[in-house]
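Number of protein chains: 2
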Amino acid sequence: MTKKAPLTIERGALEPAACTCASLRRAARAVTQVYDEALRPSGLKATQFSLLATLARRGDQPLTRLAEALVMDRTTLTRNLKPLVGKGWVGVAQDGDQRVRRIALTHAGQEALERALPLWRDAQSRLVGRLGAKRWSGLLDDLKITVDAVRGG
Amino acid sequence: MTKKAPLTIERGALEPAACTCASLRRAARAVTQVYDEALRPSGLKATQFSLLATLARRGDQPLTRLAEALVMDRTTLTRNLKPLVGKGWVGVAQDGDQRVRRIALTHAGQEALERALPLWRDAQSRLVGRLGAKRWSGLLDDLKITVDAVRGG
DNA sequence: AGCTAAAGAGTGCATATACACGTTATGACC
DNA sequence: GGTCATAACGTGTATATGCACTCTTTAGCT
Chain L
11 MTKKAPLTIE
21 RGALEPAACT
31 CASLRRAARA
41 VTQVYDEALR
51 PSGLKATQFS
61 LLATLARRGD
71 QPLTRLAEAL
81 VMDRTTLTRN
91 LKPLVGKGWV
101 GVAQDGDQRV
111 RRIALTHAGQ
121 EALERALPLW
131 RDAQSRLVGR
141 LGAKRWSGLL
151 DDLKITVDAV
161 RGG
Chain V
11 MTKKAPLTIE
21 RGALEPAACT
31 CASLRRAARA
41 VTQVYDEALR
51 PSGLKATQFS
61 LLATLARRGD
71 QPLTRLAEAL
81 VMDRTTLTRN
91 LKPLVGKGWV
101 GVAQDGDQRV
111 RRIALTHAGQ
121 EALERALPLW
131 RDAQSRLVGR
141 LGAKRWSGLL
151 DDLKITVDAV
161 RGG
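Heads up: the protein sequence lines correspond to chains L and V, in order.
Taking this note's numbering, the leading residue of the first sequence gets 11, the next gets one more, and so forth.
Taking this note's numbering, the leading residue of the second sequence gets 11, the next gets one more, and so forth.
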């Protein structure tokens with residue numbers, strides 16, 4: 011019956027140096043730079059690649075629904091779409107409901123995505139390789155669980 | 011000798027839906043909103059809290075060194091400091107070397123940090139509680155390893 | 001001293017992010 | 001059929017992020 015079953019949170023977890031938010035943002039910064047650089051020849055940033063890929067996977071969608079899928083503020087998505095619409099990669103169409111803006115991948119957008127795909131795969135496989143498949147998949151699971159934890163309630 | 015020891019990366023890892031960068035950014039968005047809301051009464055955003063906490067922990071420091079510690083672009087740090095300097099929470103001092111700007115936490119900054127600390131602890135302990143201490147500490151480790159993986163070479 | 005490479009830093013530009021607020025269109029209810 | 005809550009959306013404002021470029025200062029070399 012020496013130390014066991016911690017009722018309290020583990021040592022150090024409540025020191026700012028262990029801030030979950032800061033750690034996530036730091037990792038996001040570091041990894042984003044790598045993906046952005048890898049994608050540079052395609053003219054896409056990592057965020058934009060994910061946006062196009064999500065559209066390709068899920069099809070046309072109202073803006074708000076797309077924002078929810080991306081766990082992104084609706085107004086952030088509105089602005090993130092702007093450069094993509096400007097390049098003709100994404101189209102915005104009216105819906106039966108006049109309030110709704112349907113977001114769609116254009117043909118040019120599909121092509122841009124296909125051009126970027128091998129570049130993305132290079133970056134992704136490099137990173138997965140360095141982390142190891144096991145740690146990588148654990149990380150992805152944990153990130154998903156974290157998102158659910160702060161949203162699900 | 012049925013399926014074993016995958017020489018290739020695991021199934022699905024090279025599909026955009028499994029993008030490491032997008033997953034990190036998504037989790038960072040979700041968690042940042044929680045911390046930002048918790049910190050709101052203090053007038054600090056999560057990013058700013060971490061910046062002040064880092065300064066408190068490491069002491070005065072040249073801008074570039076601080077940026078490296080935060081795994082943040084130097085020019086990003088310059089701009090992130092602006093609102094904190096404006097509020098008198100951070101001071102910028104000359105160094106013997108005229109090129110160097112030493113960044114320091116002011117007394118008011120120390121107080122702001124102390125006011126924010128219990129708010130941060132609430133948010134942090136809530137999240138650690140929801141994830142469970144084990145998963146949380148694994149996540150933090152993995153994030154650190156990820157940063158090292160993309161920077162260390 | 002003078003030249004030069006490199007270090008430290010700021011600015012212009014573009015994107016990413018979200019809250020507060022206002023606008024328009026729907027749908028429900030009386 | 002008018003009233004009103006709500007849903008969907010855009011904009012203003014502020015911060016966060018980083019690349020390309022430029023400027024100043026320092027250190028090193030001759």
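Idealized CB from N, CA, C, for every residue including glycine.
Note that this is a predicted model, so its numbers are computed, not measured.
* Just the C-alpha distance for L149 (chain L) and R136 (chain L), rounded to the nearest angstrom, thanks. => Along the first sequence, one-based indexing puts residue 149 (chain L) at 139. Along the first sequence, one-based indexing puts residue 136 (chain L) at 126. Taking the straight line joining both Cα atoms gives about 15 Å.
* As assigned by DSSP and simplified to three states, the class of G139 (chain L) -> Reading the first sequence from its first residue, position 129 is the one you call residue 139 (chain L). G139 (chain L): helix per DSSP, three-state reduction.
* **Chain-order list of residues whose beta-carbon lies under 8 Å from that of A122 (chain L) (same chain, five-residue window excluded)** => Here residue 122 (chain L) refers to the residue found at position 112 when the first sequence is read from its first residue. Only S52, G53, L54, L62, K97, W99 meet the Cβ criterion.
* Got a sec, what are the start and stop residues for the beta strand (DSSP E) G101 (chain L) sits in? -> Locating residue 101 (chain L) in the first sequence gives position 91, where the first residue counts as 1. Looking at the DSSP string, the run of the beta strand (DSSP E) that includes G101 (chain L) is 100 to 104.
* When L:Q104, L:L76, L:D105 are compared against L91 (chain L), the one with the closest alpha-carbon -> As a working mapping, residue 91 (chain L) is identified with position 81 in the first sequence. The residue with the shortest Cα to Cα distance from L91 (chain L) is L:L76.
* **Reference T57 (chain V); option with closest CA among V:R89, V:D158, V:P128, V:D152** => By one-based count along the second sequence, residue 57 (chain V) stands at place 47. Comparing Cα positions, the closest option is V:R89.
* Quick one: which chain V residues come within Cβ less than 8 Å of T70 (chain L)? -> Looking up residue 70 (chain L) in the first sequence gives position 60. The amino acid occupying residue 70 (chain L) in the given sequence is Asp; Thr does not appear at that position. Ordered by position in chain V, no residue passes the 8 Å Cβ test against D70 (chain L), which lies about 18 Å from the chain.
* To do: State yes or no: is the beta carbon of T30 (chain V) nearer than 9 Å to at least one beta carbon in chain L?
  => Within the second sequence, the letter at position 20 stands for residue 30 (chain V). It does; some Cβ of chain L falls within 9 Å.
* Asked: Do you know offhand how far G162 (chain V)'s Cα is from S33 (chain L)'s?
  -> By one-based count along the second sequence, residue 162 (chain V) stands at place 152. By one-based count along the first sequence, residue 33 (chain L) stands at place 23. Their backbone Cα atoms lie some 17 Å apart in a straight line.
* Status (buried if at least 16 other CB within 10 Å, exposed otherwise) for G119 (chain L) -> Numbered from 1 along the first sequence, position 109 holds the residue referred to as residue 119 (chain L). With 16 or more other Cβ atoms from the protein chains shown falling within 10 Å of its own Cβ, G119 (chain L) counts as buried.
* Asked: If you count every other CB in all the chains shown that lies within 10 Å of the CB of Q134 (chain V), and 16 or more means buried, which is it?
  -> Indexing the second sequence from 1 puts residue 134 (chain V) at position 124. By the 10 Å Cβ count, Q134 (chain V) comes out buried.
* To do: Using a Cβ cut-off of 9 Å (strictly closer), state whether D105 (chain V) contacts chain L.
  => Position 95 of the second sequence, counted from the start, is the residue given in the question as residue 105 (chain V). Closer than 9 Å: no.
* V102 (chain V) burial status per 10 Å Cβ neighbour count (16 or more: buried) -> Mapped onto the second sequence, residue 102 (chain V) falls at position 92. Exposed, since its Cβ has fewer than 16 Cβ neighbours within 10 Å.
* To do: Less than 8 Å between the CB atoms is what I'm expecting for S60 (chain V) and C29 (chain L), so what's the real figure, rounded?
  => Position 50 of the second sequence, counted from the start, is the residue given in the question as residue 60 (chain V). Position 19 of the first sequence, counted from the start, is the residue given in the question as residue 29 (chain L). About 6 Å separates the two Cβ atoms, so the contact holds.
* Asked: Tell me, which residues are paired with P72 (chain V) by DSSP?
  -> Position 62 of the second sequence holds residue 72 (chain V). For P72 (chain V), which the question treats as bridged, DSSP gives the partners V:R112.
* For the alpha helix (DSSP H) that contains C31 (chain V), what are its first and last residues? -> The count along the second sequence starts at 1 and reaches residue 31 (chain V) at position 21. Unbroken alpha helix (DSSP H) run through C31 (chain V): 30 to 49.
* Asked: alpha helix (DSSP H) containing K92 (chain L): first to last residue?
  -> Translated into positions along the first sequence, residue 92 (chain L) becomes position 82. That run of the alpha helix (DSSP H) goes 84 to 96.
* Supposed contact pair V81 (chain L) and C31 (chain V) - C-beta distance, whole angstroms, cut 8 Å -> Taking the second sequence and counting its residues from 1, the one referred to as residue 31 (chain V) is at position 21. Taking the first sequence and counting its residues from 1, the one referred to as residue 81 (chain L) is at position 71. C31 (chain V) to V81 (chain L), Cβ: 14 Å. No contact.
* Asked: Quick one, which of V:D105, V:K144, V:L65, V:G106 has its alpha-carbon nearest L94 (chain V)'s?
  -> Here residue 94 (chain V) corresponds to residue number 84 of the second sequence, with the count starting at 1. Checked all of V:D105, V:K144, V:L65, V:G106; the closest Cα to L94 (chain V) is V:L65.
* Asked: Taking 9 Å as the CB-CB cut-off, is G148 (chain L) touching chain V?
  -> Position 138 of the first sequence, counted from the start, is the residue given in the question as residue 148 (chain L). Output row for G148 (chain L): interface = yes.
* **Contacts of V100 (chain V) in chain L (Cβ-Cβ under 8 Å)** => The sequence position of residue 100 (chain V) within the second sequence is 90, counting from 1. Contacts between V100 (chain V) and chain L, judged by CB atoms closer than 8 Å, are missing: the closest CB pair is about 16 Å apart.
* To do: With 8 Å as the limit, tell me which residues of the stretch 23 to 51 of chain V have their beta carbon closer than that to any beta carbon of chain L; keep them in chain order.
  => Residues A23, L24, P26, A27, A28, C29, T30, C31, A32, S33, L34, R35, R36, A37, A38, R39, A40, V41, T42, Q43, V44, Y45.
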